[in-house]
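Heads up: the sequence shown is residues 384 to 877, going by this note's numbering. Here's the structure we're looking at; comments come further down.
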Amino acid sequence: MKGSVAVIGAGPGGLVAARWLLAQGFDPTIFEQGPMVGGQWTGLGAQSGIWPTMYTNTSRVLTAFSDLEHVTDRAFLPFTEIRTYLQRYAEMFDLITRTRFGTRVDLLSRDGDGWLVSHSGTTERFNRVVVASGRFQKPAIPDVPGLDTFDGPAGVISSYDYPGSAPYRGLRVLVAGCAISALEIAAELTQLGADRVVLTQRRQRYVLPKFAAGVPSDHRIFTRYGALANEMLAPPEIDRQLKEIVVEAGGSPEQYGAPVPNPSLFAAGVTLNQQFLPLVAEGRITVRPWIESISGGVVTFSDGASEEFDGLVFGTGFDLDIPFLDEDIRTTLDIDAVHLDADRYTFHPELPTLAFMGMWDQSGGFFVPLELQARWLAYTWDGVIPPVDDTQQRQAIAAYRARRGLPQKSRMNLAAVTFARAAGVEPRPDNWPDLRRALLFGPLAPSCFRLEGPDALPDAPDRFAREAAAFGAITSNEFTERETRYWSMVERSQ
C-alpha cells in the first residue's frame, strides 16, 4: 500500500473516493458516524435529510457510478433503491470491511507531514485525509422577525427534518423557499392531505419539470455542449439558450398563475419539479412573497397580507459545516458558512495531503462529478497525472475568492467537465464520430468518462450509446436544427 488515508464519511463521496484510492494502491479507512453506508441516502433520523416518500430528482442514468449500473428501468428512483445501490457498490469494492461504523470524528489536525484523526477518545495518525462528510447537513434558517414567537401546533422545522406528510394532514402549512426541497414538500403536502398549502419565496424561479416529452430533463440540460458553450459564448447567450430549453419544457411560471420571474434565467434561478406549477394552476398551492414578520401563529408577508398557519417548513438551503476541522485548518481554508478556499473545491496548496469531496453547491445530480473528483484526487496523489502547479492552485483560489459574495451555485455539467479535464478523462468527440452527437448533446452519463484516459473500459462505447439513447434522448447521430445552430456558435467563437 502507498500510504494510509482516512476517509471521513461513507456517503456517495466517501465511498467513491475510497474505491479509487484503493485502486491506486492506497490504504483507505472510512469513518462513518452512522450504522451503515449511504450518508444522506440511509434515511436514518438526524443523520439524513431524506423523508419517507422521497424520490430522486435526478434520473437513474445520472445517479450512478461508472462501475455499477442500476437493476431497474425506472427513470427516477425511491431513496431506498439508492441506499441499496450504494450498499452494493461498497460490497463490490470491499469497502464495508474498511468502514468504522458508529464512529464520529471529533477533530482533524495536522501532525507534521501527516494527520491526526480523533474519535471516541482515541487519536490515530494517517498519511492523508479525504473529507467527505457532506455539504448538506446544516440547514440554513433565515432571520425572520418574530420567528421565535410562532406557536402553531406543528411548529417550525427545516426541510432536513421534514417527517413526511402525515403530521400535517388537515393543517394549514407555510413552506418557505423556492429550491427543490421546498417545491417537493409543498406538492406532497397538497396531494397528501394538508388543508391549505402556501409557498413563500423571495423571488420566483423558473421551474423545469423532471420529465419533458418523455425524457428526463437532466439528459437535456446538463450536457457537454452546455459546458463548452459556457466557456466560449457570452453570458447573455448562455442565459437565452438555457431559458429557451426550460420554458419550452415547462412553460413560464406566470402561465400557471405564479408570479412573473425575472426575464433573465440567471437572475431568477431555476429549480426542478414536476407537480408544483400545475398545483398552483389548480389553486391548490398559493404563492406569496417573502415573510415580513411573524406574531404567534400569524404570518405577515411583504405585500401586507397576513394569514394564520399551523406549521412552518423552511426549505431555504444549507450552510457549509465541517465542525471537526481544527482552527489551523479552518484559518488556512478561510472557511465560513458558504465558502471554502480550495482549488476546484478539492485541494489547497498548503495542505497537499488533504482533499475535500462534494463541498460545492450545484444544480443537478452529484454522482457523476463526485466520481470524477475522486479519480482526480486519486490520480494526483498516485502520480498518474502531474500534480497541479502551486502557482496555478493559488491563482485558482484567488479567482474563487474574487467571487465571494456572488451566487455560488454551479451546474452539474460544469463541475463534471472540470473534474474530467483535471483527471485526464474528458472524451474528445472527434475521436468518437459515431458518438459525436451523444457526447455533445446527450447526458453526461458516467460511462462516457471511461472512453479515454486512465482506466478506460472496452465496453464503454456500447454502454454510453445505450445510456444516451435511454428514454429516446439521443437515438441517432444526426444533429437537430437547433443543435446545429448552437454548435455553430461555439465553433465560430473558437
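We treat Cβ as the ideally placed atom computed from N, Cα and C, and that holds for glycine.
Span separating the alpha-carbon of Gln416 from that of Trp743: 22 angstroms
Through-space distance from Pro618 to Tyr589, alpha-carbon basis: 18 angstroms
Helix, strand or coil at Pro461 according to DSSP, with G and I counted as helix: strand
8 angstroms Cβ shell around Asp534 - same chain, five flanking residues per side excluded: Gly679 and Gly680
Continuous beta strand (DSSP E) assignments of at least 3 residues falling wholly in the segment 678-752: If one requires a minimum length of 3 residues, the beta strand (DSSP E) runs lying completely within the segment 678-752 are 681-684, 689-691, 694-697 and 737-739, in chain order.
Closest Cα partner of Leu490 within the set Glu675, Phe409 and Ser516: Ser516
Val444 vs Ala761 beta-carbon contact at 7 angstroms: no
Backbone secondary structure at Trp498 - three-state DSSP: strand
Own chain residues within Cβ distance below 8 angstroms of Arg471, not counting five before or after: Leu451
Pick from Arg875, Leu797 and Ile563 that is closest to Ile604, judged by C-alpha positions: Comparing Cα-Cα distances from Ile604 to each of Arg875, Leu797 and Ile563, the minimum goes to Leu797.
Residue range of the unbroken alpha helix (DSSP H) whose run includes Arg402: Pro395 to Ala406
CB of Ala400 within 7 angstroms of CB of Val512, strictly: no
Collapsed DSSP secondary structure at Glu675 in the structure displayed: strand
Where Thr774 falls: helix, strand or coil (DSSP): helix
Given 8 angstroms, three or more beta-carbon pairs between the segment 611-625 and the segment 689-700: no
For Thr506, the first and last residue of its enclosing beta strand (DSSP E): Thr505 to Phe509
Validate contact between the segment 749-767 and the segment 825-841 using beta carbons, cut 8 angstroms, 3 pairs: yes
C-beta contact flag for Val558 and Ala570 at 7 angstroms: Cβ atoms of Val558 and Ala570: not closer than 7 angstroms.
Close Cβ partners of Glu733 (< 7 angstroms) along its chain, the five nearest in sequence each way excluded: Thr715
Nearest-angstrom Cα separation, counted from Trp764 out to Pro770: 8 angstroms
Neighbourhood of Pro525 by C-beta distance below 6 angstroms, restricted to the same chain and skipping five residues each side: Thr699
Backbone CA spacing between Arg518 and Val721 [nearest angstrom]: 10 angstroms
Proximal residues to Ala651 (C-beta, below 7 angstroms), its chain only, five neighbours per side dropped: Excluding sequence neighbours, Ala651 sits near Arg586, Gln587, Arg588, Tyr589, Pro644 and Asn645.
Pro661 (DSSP reduced to helix, strand or coil): Of the three classes helix, strand and coil, the one that applies to Pro661 here is helix, per DSSP.
Three-state class that DSSP yields for Arg588 in the structure shown: Note: Arg588 maps to coil in three-state DSSP.
Where the alpha helix (DSSP H) through Ser876 begins and ends: Glu864 to Ser876
Arg623 versus Pro642: straight-line alpha-carbon distance, rounded: Computed Cα separation, rounded: 20 angstroms.
For His453 and Asp845, the rounded distance between their alpha carbons: 16 angstroms
Three-state class that DSSP yields for Gly633 in the structure shown: helix
Ranges of the alpha helix (DSSP H) found wholly within the segment 753-840, counting only runs of at least 4: 773-784, 795-806 and 819-824
Beta-carbon gap between Arg820 and Ile857 smaller than 7 angstroms: yes
Gln657 vs Pro599 beta-carbon contact at 7 angstroms: no
At least 3 beta-carbon pairs within less than 8 angstroms: the segment 800-818 vs the segment 628-635: no
Coarse secondary structure for Lys521, derived from DSSP in three states: strand
Counterpart residues of Val643 in DSSP-defined beta bridges: Partner(s): none; Val643 has no beta bridge.
Spatial neighbours of Phe414 in its chain, beta-carbon cut-off 6 angstroms, leaving aside the 5 residues before and after: Ile391, Arg483, Thr486 and Val488
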